[in-house]
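Encoded as structure tokens, the structure appears first; notes follow it.
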Amino acid sequence: MECKPLPLDLRAFCLRLRDEMRSSANHSGSIEVTAQHLAGEAAADESLLRHIFTNLLSNALKYSDPGGTVEFSVVRRERDAIFEVQDRGIGIPEEDLDELFQTFRRGGNVGERPGTGLGLVIVKRCVELHGGAIGVRNREGGGTTVTVRLPLFTTRPGSRKKVRGTRSQNQRNKKKKSRRSATAKRTRS
Ligand SMILES: Nc1ncnc2c1ncn2[C@@H]1O[C@H](COP(=O)(O)OP(=O)(O)O)[C@@H](O)[C@H]1O
Ligand SMILES: [Mg+2]
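Positions 128 to 316 (our numbering) are the ones given, in order, by the sequence shown.
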């Protein structure tokens with residue numbers, strides 16, 4: 128697999144995936160999409176994103192009670208798109224959290240729910256190919272939250288200019304600032 132990013136409308140992508148999951152569904156749950164603050168152009172490898180989010184959404188539905196609601200959100204933060212898939216299902220035992228990304232690992236509480244323990248391995252691989260990061264945590268009040276951060280934005284927030292280099296403007300500003308305060312400290316002492 129490789130990563131070939133092309134312009135992609137993230138909101139439309141999320142809605143499309145929701146509709147596809149709905150029509151292919153062997154579950155009665157529903158997916159609620161929230162897509163906000165996405166100004167600017169995003170470029171993504173749609174096929175990698177599909178592997179990631181069909182797996183995460185089907186986990187969220189599978190490990191929820193029938194008829195449960197899954198929240199699927201995406202928001203822009205600097206160059207990154209931050210996606211979250213949240214459910215109110217069975218959650219993941221604390222002791223299993225660290226090992227879920229290993230092949231064939233399944234939580235101790237899955238019961239009769241079918242599965243292979245390979246989905247998250249594929250998800251992690253796709254996230255890494257896209258230069259991103261993934262985290263899984265238990266949700267307060269029960270259920271699971273999976274956060275995926277992917278560097279998809281090619282323009283600065285509120286401008287049409289392409290982002291330079293690999294660091295975000297914010298990171299460059301921070302660097303400048305810390306250099307400035309280091310100089311200030313030196314001149315003071
Ligand atoms: N949304 C979720 N809620 C509860 N447990 C989850 C969720 N997503 C993943 N898991 C746990 O992580 C394990 C690994 O997930 P995955 O690799 O997709 O395998 P599986 O084929 O079992 O779904 C699952 O068996 C389950 O124990
Ligand atoms: Mg799975």
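The beta carbon of each residue, even a glycine, is placed where N, CA and C say it ideally should be.
Candidates Arg-266, Ser-151, Val-273: which alpha carbon is nearest Val-250's?
Walking along the sequence shown from the start, residue 250 turns up at place 123. Comparing Cα positions, the closest option is Val-273.
Check whether the Cβ atoms of Ile-158 and Val-197 lie closer than 7 angstroms to each other.
For the purposes of this step, residue 158 is identified with residue 31 of the sequence shown, where counting begins at 1. For the purposes of this step, residue 197 is identified with residue 70 of the sequence shown, where counting begins at 1. Cβ atoms of Ile-158 and Val-197: closer than 7 angstroms.
May I ask you to list the residues that DSSP assigns as paired with Ala-329?
Coverage of the chain is limited to positions 128 through 316, which leaves residue 329 absent and any answer about it impossible.
Kindly provide the ranges of any beta strand (DSSP E) runs that are 3 or more residues long and lie completely inside the segment 215–270, ordered along the chain.
Listed in chain order, they are 260–265.
What is the rounded straight-line gap between the Cα of Leu-133 and the Cα of Tyr-190?
Working through the sequence shown from its first residue, we reach residue 133 at position 6. Working through the sequence shown from its first residue, we reach residue 190 at position 63. About 33 angstroms.
Considering only heavy atoms of ligand 1, does any lie closer than 6 angstroms to the CB of Arg-143?
One-based indexing of the sequence shown puts residue 143 at position 16. Not under cutoff, so the answer is no.
Below 7 angstroms between beta carbons: does that hold for Pro-241 and Gly-258?
Locating residue 241 in the sequence shown gives position 114, counting from the first residue. Locating residue 258 in the sequence shown gives position 131, counting from the first residue. Contact: no.
Could you tell me how far apart the beta carbons of Leu-224 and Val-263 are, in whole angstroms, since I believe they sit closer than 8 angstroms?
Position 97 of the sequence shown, counted from the start, is the residue given in the question as residue 224. Position 136 of the sequence shown, counted from the start, is the residue given in the question as residue 263. Going by Cβ atoms, the distance from Leu-224 to Val-263 rounds to 6 angstroms, so yes, they are a contact pair.
Can Asn-186 be considered in contact with ligand 2, in the sense that its beta carbon sits closer than 6 angstroms to one or more heavy atoms?
Within the sequence shown, residue 186 is the residue found at index 59, counting from 1. Flag set: Cβ of Asn-186 near ligand 2.
Please tell me whether, using a cut-off of 6 angstroms, the distance from the CB of Asp-192 to the nearest non-hydrogen atom of ligand 1 is below it.
Taking the first residue of the sequence shown as position 1, residue 192 is located at position 65. Result no, Cβ not under 6 angstroms from ligand 1.
If you drop the 5 nearest sequence neighbours on each side, which residues of the same chain put their C-beta closer than 6 angstroms to that of Phe-180?
Position 53 of the sequence shown, counting from 1, holds the residue named residue 180. The answer, listed in chain order, is Leu-144.
Around the C-beta of Pro-271, are 16 or more other C-beta atoms found within 10 angstroms, so that it is buried, or is it exposed?
Here residue 271 corresponds to residue number 144 of the sequence shown, with the count starting at 1. Reading off the sequence, residue 271 comes out as Thr, not Pro. Classification for Thr-271: buried.
Cα separation between Glu-267 and Glu-129?
Here residue 267 is taken as the residue at index 140 of the sequence shown, counted from 1. Here residue 129 is taken as the residue at index 2 of the sequence shown, counted from 1. CA-CA distance, Glu-267 to Glu-129, rounds to 36 angstroms.
Pick out whichever of Glu-226, Arg-232, Val-212, Gln-163 has its Cα sitting closest to the Cα of Leu-188.
Position 61 of the sequence shown, counted from the first residue, corresponds to residue 188. Of the listed residues, the one whose Cα sits closest to Leu-188 is Val-212.
Beta-carbon separation of Leu-175 and Leu-256 under 7 angstroms?
Taking the first residue of the sequence shown as 1, we reach residue 175 at position 48. Taking the first residue of the sequence shown as 1, we reach residue 256 at position 129. In contact: Leu-175 and Leu-256 (Cβ atoms closer than 7 angstroms).
Identify the continuous alpha helix (DSSP H) that holds Arg-145 and give its terminal residues.
Along the sequence shown, one-based indexing puts residue 145 at 18. Element bounds for Arg-145: 137–150.
Which of the three DSSP states is assigned to Ser-295 in this structure?
Counting from 1 along the sequence shown, the entry for residue 295 is found at position 168. Note that Ser-295 scores 47 on pLDDT, short of 50, meaning its location in the model is unreliable; the coordinates nonetheless yield the value given after this. Reduced to three states, the DSSP call for Ser-295 is coil.
Any heavy atom of ligand 2 within a distance shorter than 6 angstroms of the CB on Gly-246?
Locating residue 246 in the sequence shown gives position 119, where the first residue counts as 1. With a cutoff of 6 angstroms, Gly-246 counts as near ligand 2, since its C-beta is closer than that to a heavy atom of the ligand.
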